[in-house]
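Below is one structure, written out as structure tokens, with a few remarks after it.
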Amino acid sequence: MEESELIEKMKGDDSTAFRTFYEVYKDMIYNVCYRMLNNKQDAEDATQDVFVKAIRSVHQFRGNAKLSTWLYQIAINTSLNHVRRKKIMAWLSLDFLVRNEGSSVFEDSQSRPDLELEKNESETLVQQAIHSLPPRQRTAVILQRYEGLSYKEIAAVMETSLSAVESLLHHAKGNLTERLIALLK
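Counted the way the working numbering counts, the sequence shown spans residues 8 to 192.
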């Protein structure tokens, strides 16, 4: 089914179109959310939120960009909001008093022991470094490295200029180098 046809059917509240939409994009959205949140449960929750938001706002989709670009925007914003909410909840709870020094809201190694076994040490270090980047740099790196988007596509998803994406990725690479050197020591 063509993207435009799928959108029109969804705008017409066609339940089959909603199912097709979910099946086509669920893995892409989950992967982005997982890369942003680094936690299976959080990624599943965020993925669900993305689809709810997308279905509720499908009538506002104008078709100026590809459907996947629109979904990436929703997924990135939803994930960043989830991180903010989680940080606030951690701060408000008494957990922050008993946390070990150096722990992060992104760490949850017990929720995915199967992945922890598969991850090699260097990828774990890279993930830690990526998650320590400022949100916009982290978003650009994830979209480029893990989602394989071009600079132009990243600019569309992040609603910024091509030169801003180039700058974000340049600074992110410098920051990653510094962080990886620090983690290796």
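We put the beta carbon where it would ideally sit given N, CA and C, even for glycine.
Since the model is a prediction, treat every value here as computed from it, not as a measurement.
- The closest CA to that of R69, considering only D20, E15, V59, is found on E15.
- By the Cβ neighbour-count rule, L78 is buried, with 16 or more other Cβ atoms within 10 Å of its own.
- In this structure, Y41 and K47 form a Cβ contact; the two beta carbons are roughly 7 Å apart against a cut-off of 8 Å.
- Around the beta-carbon of Q67, fewer than 16 other beta-carbon atoms lie within 10 Å, marking it exposed.
- A Cβ-Cβ distance of about 14 Å is found for the pair M43 and I161, leaving them out of contact under the 8 Å criterion.
- Between the stretch 55-65 and the stretch 161-174 there are fewer than three inter-stretch CB-CB distances shorter than 8 Å, so the stretches are not counted as touching.
- Apart from the 5 residues on each side of it in sequence, N182 sits with its Cβ closer than 7 Å to the Cβ of L140, Q144 in its chain, given in chain order.
- In the displayed model, A72 falls within coil according to three-state DSSP, outside both helix and strand.
- Counting along the chain, E10 sits inside the alpha helix (DSSP H) bounded by residues 10-18.
- Residue environment for H89: buried (at least 16 other C-beta atoms within 10 angstroms of its C-beta).
- Counting along the chain, E51 sits inside the alpha helix (DSSP H) bounded by residues 47-64.
- The beta-carbon distance between I83 and V164, rounded to whole angstroms, is 7 Å. This is short enough to meet the 8 Å contact definition.
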